[in-house]
Amino acid sequence: MDPTQATREVFWNIEYTWLVYVLMVPTLAIFGWGFWLKIRRWRAGQPAVRFDRLGERLQLFLRNAVGQGRTIRSRYAGVFHTLVYTGFIVLFLATTVVAIHHDTPLHIMKGHFYLVFQSLIVDVFGLFVLVGVALAAIRRWISKPNLLVYTDEASWILVTIFVMALTGFMVEGWRIAVTDDPWAAWSPIGNVFALASDPLMSDAAMQTGHVVIWWFHLVVAFGFIAWVPFSKMSHVFTAPLNIFTANLDGYGGSLKTIDFETAERFGINHLGDFTWKDLLDFDACTECGRCTDVCPANTVGKSLSPRDIILDLQGLMHRQGDQFLLNGNGNGNGSGANASDELLPIIDQKTAVSPEALFACTTCAACMEACPVHIEQMPKIVDARRYLVMEEADFPEGMMDMMNSLESRQHPFAGTQFSRVDWTEGLDIDVMAEMDDPHEAEVLMWVGCGGALVERNRNTVRATAKLLRKAGVKFAILGREESCTGDPARRVGNEFLFEMLAKGNVETMQRYGVRKVVTSCPHCFNSFRNEYPHFGGSYEVYHHTQFLDQLLESGRLDGHGAADSSSGSSTITFHDPCYLGRHNGEYEAPRNLLAKVGGARQVEMERSRNTSFCCGGGGGMAFVDEPPDQRVNQERAQEAVDTGADVVAVGCPFCATMLDDGVNARRGDREVKVRDVAELLWDAVGDSDQTVP
Amino acid sequence: MKLLVCLKQILDPDVPARDFQIDPAVKAARRGGANLVTNIFCENAVETALQFREAAGGDVKITALCYGESSAEDCLRKAMAMTVDEACLVERDGNTNPDAAAVGRVLAAAIRRLEQDGGPFDAVLVGRESGDWGVGQTGGLLAEELGRPALGFVESLQPGNGGVTLRRQTDVGIEVAEAEPPFLVTITNNEDNVPRIPKTRDVMMSYRKPLQKLSLADLELDSEEIRAGSSIFEVEEIFIPTDEVECELAEGDTLEERVDQLAKRIHEVVASIG
Chain A
371 MDPTQATREV FWNIEYTWLV YVLMVPTLAI FGWGFWLKIR RWRAGQPAVR
421 FDRLGERLQL FLRNAVGQGR TIRSRYAGVF HTLVYTGFIV LFLATTVVAI
471 HHDTPLHIMK GHFYLVFQSL IVDVFGLFVL VGVALAAIRR WISKPNLLVY
521 TDEASWILVT IFVMALTGFM VEGWRIAVTD DPWAAWSPIG NVFALASDPL
571 MSDAAMQTGH VVIWWFHLVV AFGFIAWVPF SKMSHVFTAP LNIFTANLDG
621 YGGSLKTIDF ETAERFGINH LGDFTWKDLL DFDACTECGR CTDVCPANTV
671 GKSLSPRDII LDLQGLMHRQ GDQFLLNGNG NGNGSGANAS DELLPIIDQK
721 TAVSPEALFA CTTCAACMEA CPVHIEQMPK IVDARRYLVM EEADFPEGMM
771 DMMNSLESRQ HPFAGTQFSR VDWTEGLDID VMAEMDDPHE AEVLMWVGCG
821 GALVERNRNT VRATAKLLRK AGVKFAILGR EESCTGDPAR RVGNEFLFEM
871 LAKGNVETMQ RYGVRKVVTS CPHCFNSFRN EYPHFGGSYE VYHHTQFLDQ
921 LLESGRLDGH GAADSSSGSS TITFHDPCYL GRHNGEYEAP RNLLAKVGGA
971 RQVEMERSRN TSFCCGGGGG MAFVDEPPDQ RVNQERAQEA VDTGADVVAV
1021 GCPFCATMLD DGVNARRGDR EVKVRDVAEL LWDAVGDSDQ TVP
Chain B
2 MKLLVCLKQI LDPDVPARDF QIDPAVKAAR RGGANLVTNI FCENAVETAL
52 QFREAAGGDV KITALCYGES SAEDCLRKAM AMTVDEACLV ERDGNTNPDA
102 AAVGRVLAAA IRRLEQDGGP FDAVLVGRES GDWGVGQTGG LLAEELGRPA
152 LGFVESLQPG NGGVTLRRQT DVGIEVAEAE PPFLVTITNN EDNVPRIPKT
202 RDVMMSYRKP LQKLSLADLE LDSEEIRAGS SIFEVEEIFI PTDEVECELA
252 EGDTLEERVD QLAKRIHEVV ASIG
C-alpha cells in the first residue's frame, strides 16, 4: 500500500451524477435571490459611512468574526459554537477539494493530503459538528436558559445540521465497508460506522442504503443552503459583514447628530429612517440573547429587552417587505413624510419597542459590548426616544422636570439648594471670568452639575480641586458660566436641547481659549471627548482619575501625603462607570489611584470593567422614580455589598448618588461607604491639616 | 373664538436660597445669577387655553400678551412653542417694579389695541398670582379696567351650551359655572393643566410666528404715571428674614445626668424669656 497513491472514488456507487449539477442551479438561485432581497432592503436605508478605515475594520473582522473573539466570551456557547463553526469551515473546504478534484484537471485529493486532511481532519471536524450541535441541543431543549428565543426554526436548524453530519458519516462508513477501503483507519468516525454495520448488514443492503442516504444527504444539504438567507443561519454571512462595518468610534460616540434645518422628522419611527447599517443589524441578529441577559433594566424585571427590540424590528422589516422599499425615503429619493406615514410605526405598545421599554434604557451599552456580532442596540433606542421626545413630546414625568430645568436653568437638578460656586467656599478657586488672563490656566476644571449642585458630590469636586492644587496645577473653573453639557438631554432623546447646550458651552470655552479639560463626571467627559467635536469644540479631555493618575506617575503629585490614611486599612471595590469604562475604555486609571490608597485591598465585583453593571443612573434614568421592586441601583449595590468591601469606590457623581441610595438599602448592619476615588485619594495623600471636610 | 392669555416673566422661584438677594434701593429681588422663567400659573393658563381649543375642535385663536422687559420674549416664544398662535410684548420702560394696578392698566390698554386690530377677545386668562410677589390682584384689576366680569381660581374651561363651562376651586369644593363671553378668569393649577413640554418642531416653528412689540408710547400711556403706580399700598421695606439658631448640647456622662442638665437649661431659658 503506497500512501502516495491513496485516494477514493468520487461518486462511488452513484448514478445520474449530472442530477447533482442540475439541483445545484435552483439551490444557488434561491440562495442568491434570498440575499439579493436582503441587500435590496438594506440599501433602502439612509446613508452611513462604514467602509472607511479598512485596516481597522480588517483587524476587527479577523478578531471578532474569524477569531470569534466575542462569541467565546460565553464559555458554554463559545465552546459549542466554535465546534460547529470550525467544523463547517473544514467541511466546506473538504467539499471544495472534492469539487476541484473531480471537476477540474487538478486531481488534488490523493496521497498524504487525502489521508491527513480529507480523511482524518475532516472526520474529526465532522465529529466536532455533531458534538457541538448536541451541546447546543442540550441547552435549547433541556437546560433552557432565559436568554434564548425558542423558535421552531432554531430547533430545525440544529436537527438539519445534525442530520447532515450524521448522514455524511453513514455514507462514508458504508462506502468503507463495501469497498474494503484500505485507508479506512484514516477516517476513524466513518470506520466506526463501517465496523458497526458490517456484522448487521449485507453488502447489498449497505450499497442500497448508501445510495438512498447519499441522495438524502445531498437534498438536505442543498435545501439547507437555499434556506440560509431566509433563516437566522444567514448570520453566517450577515454577522461577519456586520462586524466589518461596525462602529469603530466606541459606544460613547455612537449617537448620530441631526441636521435640524433639513430633517423631515426628528428621531426615528419608521424603518426607512434607519441607516442601511441599522437595517443590516436587524438581519445580523443570531437571537443569542446575550444583550438582554446583561441589560440592567431587564435584569431588575423591566420590560426592556434589547434582543426583542432587534428581533421585532427585524420581523417588521421582513413583513413590510416591498412596501417598505417603495415607500421608504431611502437614498433620499423618497417622497418623504407622507409616504412614510403609510408605513407601520416602529414604536408600538404591543411590541418590545414600546415607549415604556424605550424609556427604561440607561444607555449603559452593556448590550452592545455583549453582542458577538456588534449590533448597535442603544443608538436605536435613543433614535426612537428622539421621536417620542421631539415629535410627540411623550416621556416620563421625571425626565420632563429634568428637561424643563435644563431649559430654564441649564442644569438638570430642579430645586437644588446650591449654586454652581458654593462648593468653592474657602478654597479660593480661580473663575475664568474673573481672571485677568484666563489663558494662564493650564487646565479647565469642568465641575459638572452633578458635582456642584448635589450635596454629597461637592466633597468630590473639593477633593479634586485640592489634589490639583497640591500638584501645583494651574486650573480654573467657569463658575456660573458653566452649563450642563447636555448629556442627560441627549440620552433621553432631546437632541435639540443637547445641541443648544453644547453650542453654548463651546462658545463659552472658545471665549477663554480652553484647550485642556479635566472633569470628575464621566458623562461630561464623554460629551467633550466624543460629541463636542461635532459642534466645533475639540479639547484634550481627561477624567479626573486619568489626570490624577498622570500627576502621580509624573511625580507632580506627591503620593506620600501625611494625611490620615485610616481608609487604607479597608477593602475597596471599584464600580466602573459606564461612560468612563465601556464607553471610553478607561479601566486602569481609577484602579491605579486606589492602589495608592495606603494598604487598602482591592476586590472586584463579578461584573466589572467591560462587563460592569450600570448604577441605574444613565440615560436620564437618575431623574426617574423607579418602582421599588425594579431598582437597578439596588441590584448593583447588592453586588458591591456582597464583595465584603467596606468602601465602594466610584468615579461618577451619578453613580455616587445612585449607589449611595442602593448601598444604604442593602448594606444591612454593616458599615459600607460610597466614596469617589478623589475623596479616597485626598484622604491618603492630602495634607493632614487640610482633610476634606 | 378668541382667547387671550397674560404672561409674566419672573425670577426663578427655584433659585437656591444662598443666591437670593434683595436690592433695598429698588425694594426688589436682585437678578444675580438666577434665571428668568414664566410664572407657573401663567403657564397653567396657557395650558388651560390650549386644552379649551382642543376640546372646541380647533376654531379658537389664542394670543399671548406680556408686559415685561425684552427678555420676556422668551416666555412668549415658549408659549408659541406650546402652540399659542400669536404673541404681543409690551416693553417695560425702566420701571423694575410696577404694581398690580399699573400692570392692569398697561395690559388693558394693550388688549384694547389688539382688539381694535383683530376683534374682541371672548375670554382673557390670567394666572392666579405670580411666584415672585404673590399679590394676586392683577387679574381683578385688569377686569376692572376692561369692564369685564371676572371669576377667580378657575382650573378649566370647556365649550358649553352657547357659552363656556368653567370649573373653579373654592374653599368648599369645585364650582361649575356657565359664562357668557366676554369675561376674564384667573387660572389656578390642578393635575390636568400641567404645562406641556413643546414638541421640538413647534419650538422651531415658534420663531416663525408673529410677535408684536409695543411700547407704552404706542399705547399712549404716560410711563411716568405708570411708574408712579396707583395702588392703595406701597412697599416700605423688604428683607430676608433670618432665623438664628443657637445650639447647645446637654453634657453629662450618663443619660440621667444629661436629662438633668437638659431640664435645668430649659428652666433657665424659660426664666430668661420671662
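Chains A and B, in that order, are what the protein sequence lines are.
The opening position of the first sequence corresponds to residue 371 in this note's numbering, with each subsequent residue numbered one higher.
The opening position of the second sequence corresponds to residue 2 in this note's numbering, with each subsequent residue numbered one higher.
Where is the CB? At the ideal position from N, CA and C, for every residue including glycine.
Compare the beta carbon distance of residue i and residue j with 7 Å and say whether it is the shorter of the two.
i, j, result
"G1032 (chain A)", "A1007 (chain A)", "yes"
"R556 (chain A)", "S489 (chain A)", "A quick correction: the sequence has Trp, not Arg, at residue 556 (chain A). It is a contact, given that the beta carbons lie within the stated cut-off."
"I942 (chain A)", "L922 (chain A)", "no"
"A784 (chain A)", "D15 (chain B)", "yes"
"F845 (chain A)", "A872 (chain A)", "no"
"T521 (chain A)", "H605 (chain A)", "no"
"V61 (chain B)", "M2 (chain B)", "yes"
"L126 (chain B)", "V177 (chain B)", "no"
"L158 (chain B)", "A102 (chain B)", "no"
"R971 (chain A)", "Y957 (chain A)", "no"
"L674 (chain A)", "A736 (chain A)", "no"
"A506 (chain A)", "L536 (chain A)", "no"
Excluding the 5 residues flanking residue i on each side, which residues of the same chain have their C-beta closer than 7 Å to its C-beta?
i, result
"P599 (chain A)", "F401, G404, F405, K408"
"N701 (chain A)", "Here N701 (chain A) scores only 40 on pLDDT, less than 50, and its place in the model is too uncertain to base an answer on."
"N708 (chain A)", "Reliability fails at N708 (chain A), whose pLDDT of 44 lies under 50, so the model's placement of it is uncertain and the value that follows must be treated cautiously. None."
"S567 (chain A)", "G543, W544, A547, M576"
Going by Cα to Cα distance, which pick from the options is closest to residue i?
i, options, result
"R1045 (chain A)", "A:L398, A:H471, A:G821, A:N875", "A:G821"
"Q920 (chain A)", "A:V843, A:P903, A:Q972, A:N954", "A:V843"
"Q747 (chain A)", "A:T732, A:H914, A:G481, A:H688", "A:T732"
"R899 (chain A)", "A:G906, A:E910, A:S890, A:C891", "A:E910"
"I459 (chain A)", "A:H477, A:A447, A:V436", "A:V436"
"R839 (chain A)", "A:T452, A:D522, A:L918", "A:L918"
"H904 (chain A)", "A:L1050, A:T627, A:Q972, A:G929", "A:T627"
"F450 (chain A)", "A:R510, A:Y484, A:I491", "A:R510"
"L650 (chain A)", "A:Q690, A:R410, A:E762", "A:R410"
"N194 (chain B)", "B:C7, B:F53, B:G148", "B:F53"
"L5 (chain B)", "B:D261, B:P121, B:A151, B:D203", "B:P121"
"G768 (chain A)", "A:C948, A:V862, A:L518, A:A803", "A:V862"
"S131 (chain B)", "B:Q159, B:E116, B:L158, B:I188", "B:I188"
"L147 (chain B)", "B:P160, B:V107, B:V136, B:G128", "B:V107"
"D203 (chain B)", "A:A992, A:L1029, A:R1037, A:E762", "A:E762"
"I613 (chain A)", "A:R433, A:A574, A:R790, A:P552", "A:R433"
"A26 (chain B)", "B:E237, B:A88, B:E44, B:V155", "B:E237"
"W544 (chain A)", "A:L570, A:T645, A:T466", "A:L570"
"P124 (chain B)", "B:V270, B:G34, B:P150", "Rather than Pro, the amino acid found at residue 124 (chain B) in this sequence is Ala. Minimum Cα distance to A124 (chain B) is reached at B:P150."
Using DSSP bridges, identify the partner residues of residue i.
i, result
"V179 (chain B)", "Sequence check: residue 179 (chain B) is Glu here, not Val. Looking at the DSSP assignment, E179 (chain B) forms a beta bridge with B:T166."
"S157 (chain B)", "B:R168"
"I188 (chain B)", "B:G128, B:V155"
"D261 (chain B)", "The partner list for D261 (chain B) (beta bridge, DSSP) is empty, contrary to what the question assumes."
"G69 (chain B)", "B:E92"
"W584 (chain A)", "DSSP output for W584 (chain A) lists no bridge partner at all."
Return the chain-ordered list of same chain residues with a C-beta closer than 8 Å to the C-beta of residue i, the five sequence neighbours on each side being excluded.
i, result
"D94 (chain B)", "S216, L217, S224, I227, R228"
Beta-carbon within less than 6 Å of residue i's beta-carbon, same chain only, minus the 5 sequence neighbours each way: which residues are those?
i, result
"E426 (chain A)", "L618"
"K1043 (chain A)", "V1017"
"M534 (chain A)", "V590, A591"
"P766 (chain A)", "F729, V994"
"P558 (chain A)", "D493"
Taking only beta-carbon positions, decide if residue i is within less than 7 Å of chain E.
i, result
"M760 (chain A)", "Considering every chain present, this structure includes no chain E. Its protein chains are A and B."
Quiz item: Using Cβ-Cβ distances below 9 Å, what residues of the segment 6–27 of chain B are close to chain A?
Solution: D13, D15, V16, P17, A18, R19, D20
Quiz item: Name the residues in the segment 195–206 of chain B whose C-beta lies less than 8 Å from a C-beta of chain A; which are they?
Solution: R197, I198, P199, K200, T201, R202, V204, M205
Quiz item: Of the residues that make up the segment 150–184 of chain B, which ones have a beta carbon closer than 9 Å to any beta carbon in chain A?
Solution: none
Quiz item: Of the residues that make up the segment 608–637 of chain A, which ones have a beta carbon closer than 7 Å to any beta carbon in chain B?
Solution: F630, F636
Practice problem: Below 9 Å between beta carbons is the criterion; list the residues of the segment 236–247 of chain B that meet it against any residue of chain A, in chain order. | Solution: none
Quiz item: Relative to chain B, which residues along the segment 788–802 of chain A have a C-beta separation below 7 Å, given in chain order?
Solution: F788, S789, D792
Practice problem: Report the residues of the segment 113–141 of chain B with a CB closer than 9 Å to any CB of chain A, ordered along the chain. | Solution: none
Exercise. Compile a chain-ordered list of the residues in the segment 445–459 of chain A whose CB is closer than 8 Å to at least one CB of chain B.
Key: none
Quiz item: Going along the segment 25–52 of chain B in order, which residues come within less than 7 Å of chain A, judged by CB to CB distance?
Solution: G34, N36, V38
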